[in-house]
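Visitor: One structure, pasted below without further comment.
In my numbering, the protein residues as written are 5 to 555.
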């Protein structure tokens, strides 16, 4: 009770640090002990459980002293913890628990000048511990601390794209939030892009939509821990040297196809490329064709994709052939490639991906067949170029809302436009950007922050709350056409977004970190959307300095 009496929100819970946002029980106990003047007593209790020098109990003891400001006592414990981390670091995959208490202690010690060197040395072993275990999303935070402590090729890594014509995009796993703590870190040095951290899939994406025939390629350097992959049209084309396979993955749980006996090189660099000609896209590994996919126009963006658990390096990034910059993107098409529902899970038909000859395509297509035979199972679907959606999602926290999101953010100066049929209380669909939904009501607009199951900052918000935008324009009332077609435009201007409905400016509001845009539908409402497009102040000619570092 003492610990939380001044903490009004769940998100105020103490964490190991801004670059290692881990909640751990001994840290909570140490923070609570400060409030009760019981730090020495707690340290003695932890110390009574030490079985060997530097073990978990000793780390808890040292952490308690450190939180209490007793650095000499903490430093003595830290040296023994470091020695044990080095001694116990595994050389192959293990299923034993990760030394979390030790990691939290070291992360806290790193910000203390007198302990920084020992902590930095310790994190080299902690990184090895983390890489030999399946840590799911938290692996990203161990990699992030490895960057901060100087133990990787991404030393000095910063957030945001280091390339002028690229943007860093986070596509998280289901119901996992994005924010400052999940931003990936990059270094672009000597024409090599190094990456670490992030959440789910991180894409270094070329800003401009591509048309024409082209080849996009890069060389994955094996000196780092993990692979880099190519991305186009909402699909990751992934070479996996450890088992000589290739994965073709519709990003964010939309389907995966595996190709065996791929021409990958183990423990060596691999060159991965995608060759786009007409309506076809061919994946190549080390100049050999592996799979042929169909090219989509709904997300014509290329990039390099990284998984959250890796520290990877990509060299020789090239975009060759006759690439051209499209004037606009038609966002709705077959399979809804480039779209997903990460915030509030809504059923989508799986993407039709290529399969290796001899594979059981029937098995791989079971999901698609289910939706083709029973279209009502899909919360969001495409038919004849139109998007159909509905509320009534079964999420425990969403209040009957459903949400669909594009995998690319709306950048400064860009506009997301769509038309929709409106019938009050029956046919309604609202624009969204990040987790902000702009609710278009006849009596005015409201904003709503979408709830997310694994997100602490929204834990205290009612799922159907509404607030007024910072700035209304005119009366702030959209003139919605009952029983007719309506036009919505959402434009990013710096750190704000501007909403227009049927040609009338309605409101302006501030944006959060996530600027991927999309749609939201409420309980009991259905929607039909058509002519959804993305436009922007893009160059008309392909830039000669496409891979130039940001100045």
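Backbone N, C-alpha and C define an ideal beta-carbon position, used for all residues, glycine too.
Fair warning: this is a prediction, and the values are worked out from it, not measured in the lab.
Here's the rule I'm using: 16 or more other beta-carbon atoms within 10 Å means buried, otherwise exposed. How should residue 98 be labelled?
Guide: Classification of residue 98: exposed, given that the 10 Å Cβ count is below 16.
Visitor: Can you tell me whether residue 6 is helix, strand or coil according to DSSP?
Guide: Note on residue 6: pLDDT 44, under 50, position unreliable in the model; the coordinate value appears next. Residue 6 falls in the coil class under three-state DSSP.
Visitor: Can you look up residue 561 in the DSSP assignment and give me helix, strand or coil?
Guide: In this structure the chain extends from 5 to 555, so residue 561 is not present and cannot be described.
Visitor: What's the call for residue 300, buried or exposed, on a 16-neighbour Cβ count within 10 Å?
Guide: The residue is buried, with at least 16 neighbouring Cβ atoms inside 10 Å.
Visitor: In three-state terms, what does DSSP make of residue 352?
Guide: DSSP places residue 352 in coil when its eight states are reduced to three.
Visitor: What is the rounded straight-line gap between the Cα of residue 512 and the Cα of residue 472?
Guide: Distance between the alpha carbons of residue 512 and residue 472 is about 10 Å.
Visitor: At 3 residues or longer, and completely inside the region 323 to 350: list those beta strand (DSSP E) runs for me, N to C.
Guide: Runs of the beta strand (DSSP E) inside the region 323 to 350: none found.
Visitor: Sorted by chain position, which residues of the same chain lie with C-beta nearer than 7 Å to residue 145's C-beta, five sequence neighbours on each side aside?
Guide: Taken in chain order, the residues that qualify are 24, 25, 26.
Visitor: Where do the N-terminal and C-terminal ends of the beta strand (DSSP E) with residue 208 fall, by residue?
Guide: Counting along the chain, the beta strand (DSSP E) containing residue 208 begins and ends at 205 to 210.
Visitor: Is the separation between the beta-carbon of residue 386 and that of residue 316 shorter than 8 Å?
Guide: Taking 8 Å as the Cβ cut-off, residue 386 and residue 316 do not qualify as a contacting pair.
Visitor: Could you name each continuous beta strand (DSSP E) segment of 3 residues or more that falls completely within the region 53 to 86, going from the start of the chain to the end?
Guide: As far as the region 53 to 86 is concerned, it has no whole beta strand (DSSP E) run of at least 3 residues.
Visitor: DSSP three-state call for residue 50: helix, strand or coil?
Guide: Three-state result, residue 50: helix.
Visitor: If you reduce the DSSP assignment to three classes, tell me which class residue 288 lands in.
Guide: The answer is strand: DSSP assigns residue 288 an E or B state.
Visitor: Tell me the start and end of each unbroken alpha helix (DSSP H) in the region 88 to 117 that is at least 4 residues and wholly inside, in chain order.
Guide: As far as the region 88 to 117 is concerned, its whole alpha helix (DSSP H) runs of at least 4 residues are 104 to 114.
Visitor: Is the separation between the beta-carbon of residue 489 and that of residue 423 shorter than 8 Å?
Guide: Yes, the Cβ-Cβ distance between residue 489 and residue 423 is below 8 Å.
Visitor: Excluding the five sequence neighbours on either side, which residues of its own chain have a C-beta within less than 7 Å of the C-beta of residue 66, listed in chain order?
Guide: Answer for residue 66: 78, 81, 82, 85, 109, listed in chain order.
Visitor: So, residue 161 versus residue 191, is the Cβ gap smaller than 8 Å?
Guide: Yes, the pair counts as a contact, with Cβ atoms nearer than the cut-off.
Visitor: Report, in whole angstroms, the separation of the C-beta atoms of residue 410 and residue 342, which I expect to be a contact under 8 Å.
Guide: With 8 Å as the limit, residue 410 and residue 342 qualify as a contact, their Cβ atoms being about 6 Å apart.
Visitor: Assuming residue 225 and residue 319 form a contact by the criterion Cβ under 8 Å, report the distance between their Cβ atoms to the nearest whole angstrom.
Guide: So it is a contact: roughly 6 Å between Cβ atoms.
Visitor: Any idea which residues DSSP pairs residue 293 with across the strands?
Guide: Residue 293 is bridged to 288.
Visitor: I'd like the span of the beta strand (DSSP E) that includes residue 132, first residue to last.
Guide: Here residue 132 belongs to no beta strand (DSSP E); instead the alpha helix (DSSP H) covers 120 to 135.
Visitor: For residue 28, does the three-state DSSP call read helix, strand or coil?
Guide: Note: residue 28 maps to coil in three-state DSSP.
Visitor: Looking only at DSSP bridge pairs, what is residue 2 linked to?
Guide: The requested residue 2 does not occur in the structure, where the chain is confined to residues 5 to 555.
Visitor: Roughly how many angstroms separate the alpha carbons of residue 179 and residue 208, rounded to a whole number?
Guide: Approximately 22 Å, taken between the alpha carbons.
Visitor: When the Cα atoms are used, what is the spatial distance from residue 236 to residue 87?
Guide: Answer to the nearest angstrom: the Cα atoms are 46 Å apart.
Visitor: Judging by CA-CA distance, which residue of 420, 405, 388, 389 is the nearest neighbour of residue 396?
Guide: Comparing Cα-Cα distances from residue 396 to each of 420, 405, 388, 389, the minimum goes to 405.
Visitor: May I ask you to report which of helix, strand or coil DSSP gives residue 17?
Guide: Reduced to three states, the DSSP call for residue 17 is coil.
Visitor: To the nearest angstrom, how far is it from the Cα of residue 338 to the Cα of residue 408?
Guide: Spanning the two alpha carbons is a distance of roughly 15 Å.
Visitor: Applying the 10 Å Cβ sphere with the 16-neighbour rule, what's the burial state of residue 261?
Guide: The residue is buried, with at least 16 neighbouring Cβ atoms inside 10 Å.
Visitor: Would you check if the distance between the CB atom of residue 175 and the CB atom of residue 312 is smaller than 8 Å?
Guide: No, the pair does not count as a contact, with Cβ atoms beyond the cut-off.
Visitor: If you count every other CB in all the chains shown that lies within 10 Å of the CB of residue 555, and 16 or more means buried, which is it?
Guide: Under this definition residue 555 is an exposed residue.
Visitor: Quick one: what's got a C-beta closer than 7 Å to residue 20's C-beta in the same chain, skipping five residues either side?
Guide: 26, 28, 31, 108, 111, 112.
Visitor: Relative to the C-alpha of residue 306, which candidate in 287, 265, 212, 293 has its C-alpha closest?
Guide: Looking at the Cα atoms, 212 is the closest of the given residues.
Visitor: Run through DSSP, which three-state label would residue 139 get?
Guide: In the structure shown, residue 139 sits in coil (DSSP, three-state: anything other than H, G, I, E or B).
Visitor: Could you have a look at residue 145 and say whether DSSP puts it in helix, strand or coil?
Guide: It is helical.
Visitor: Assuming residue 440 contacts residue 453 under a Cβ cut-off of 8 Å, what Cβ separation, rounded to an integer in Å, is found between them?
Guide: Indeed, because the Cβ distance is near 6 Å, the residues count as touching under 8 Å.
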